[in-house]
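Residue numbers (the UniProt record's numbering): 1 to 265.
Think of the CB as a built atom: it goes at the ideal place given N, C-alpha and C, for glycine as much as any other residue.
As the structure is a prediction and not an experimental result, all values here were calculated from the model.
Worksheet for the structure shown next.
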Amino acid sequence: MLLNVIERGPDVPSTLPPVVLLHGLFGRARNLGFVQRKLAATRQTLAMDLRNHGNSPHGPMSYPAMAEDVLETMRHYGMKKAMVLGHSMGGKTAMMLSLIHSQAVQSLLVVDIAPGQGGFARMDLPPGLDKLAFPPHLDLRSADELLRPLITNDAVRQLMIQNIRMGDNPGWAIGMHDILAGMPAMMGWPTLPASAQYSGPTLFIRGETSPYIQPTNYSQMRHLFPHYRLETINGAGHWVHADAPRRFMELVEEFATQTENATPA
């Protein structure tokens, strides 16, 4: 599946490894916009709408399928290998890509998610969102009023509002049915061959107050990514890049510089 992308890069061709950016559940490519703009000063960058999100096509959800989408899209844009940065669901997709197509991943940066069961438990989404009845016309204020009785968490509600088609004949602009059907797969992690491993440079960044990377995950992280390093950003939650943008960007740029000459596993 060829994904919708936002492409940015320097004014002149760059010899530095390009970067692929993958958003989290119910997000879209532009959610990592400030990271992309920083990196695009010196590198080709592709921020992708993962399947069922943003303006990308819809279809059944699984991490192997989503990894194949990313690879197909990279190839379409002439990328043989890239530094792949993913947040949350995008982080699991990035990990899967590195494990099944390691030659395409120059280096791997995973933001606040581990390779295992878990993630998104605090979304608290009600069932039947894909069958929500929309009025004939909708603007931002009325969209908030429509969702408020269903989603009381302000941050989650605002995240969901960005996925609504506003104006006349409103509705979900995303593949809501496929996303909800795929939630068990998104919460989980596929069974992989014992030999599955990505031995390239790997950085995990976690938020101090987020529950999604715990010491119980470390052995699996070490098995799959033997050269991984873990950084914790103090005071940050799951949306690390939004909670501590300056420190987050420092870690990303440092990692990108350190791994410019890495050889894919």
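Hey, quick one: how far does the alpha helix (DSSP H) through Met-79 stretch, first residue to last? No alpha helix (DSSP H) contains Met-79, which DSSP labels as neither H nor E.
Contact defined as beta carbons within less than 8 angstroms: I believe Asn-4 pairs with Asn-52. What is the distance between those atoms, to the nearest angstrom? 11 angstroms between Cβ atoms; not a contact.
Kindly identify the DSSP beta-bridge partner or partners of Tyr-63. According to DSSP, which records beta bridges pairwise, Tyr-63 is partnered with nothing at all.
Thr-202 to Asn-31, Cα distance in whole Å? 22 angstroms
Please work out which residues of its chain come closer than 6 angstroms, Cβ to Cβ, to Val-20, disregarding the five sequence neighbours upstream and downstream, and give them in chain order. Leu-46, Ala-82 and Val-84
So the alpha helix (DSSP H) Thr-45 belongs to, where does it begin and stop? Per DSSP, Thr-45 belongs to no alpha helix (DSSP H); it is in the beta strand (DSSP E), 45-48.
I'd like to check one pair, Pro-115 with Leu-224: are the Cβ atoms closer than 8 angstroms? yes
To the nearest angstrom, report how far apart Thr-232 and Asn-169 are at their CA atoms. 44 angstroms
Work out the CA separation of Pro-226 and residue 348 for me, nearest whole Å. An answer regarding residue 348 cannot be provided, because it is not within the stretch 1 to 265 covered by the chain.
Pick helix, strand or coil for Ile-113, following the three-state DSSP scheme. coil
Does the distance from the CB of Ser-98 to the CB of Tyr-218 come in under 8 angstroms? no
With distances taken from CA atoms, which of Pro-10, Ile-6, Asn-234 and Thr-15 is nearest Asn-261? Thr-15
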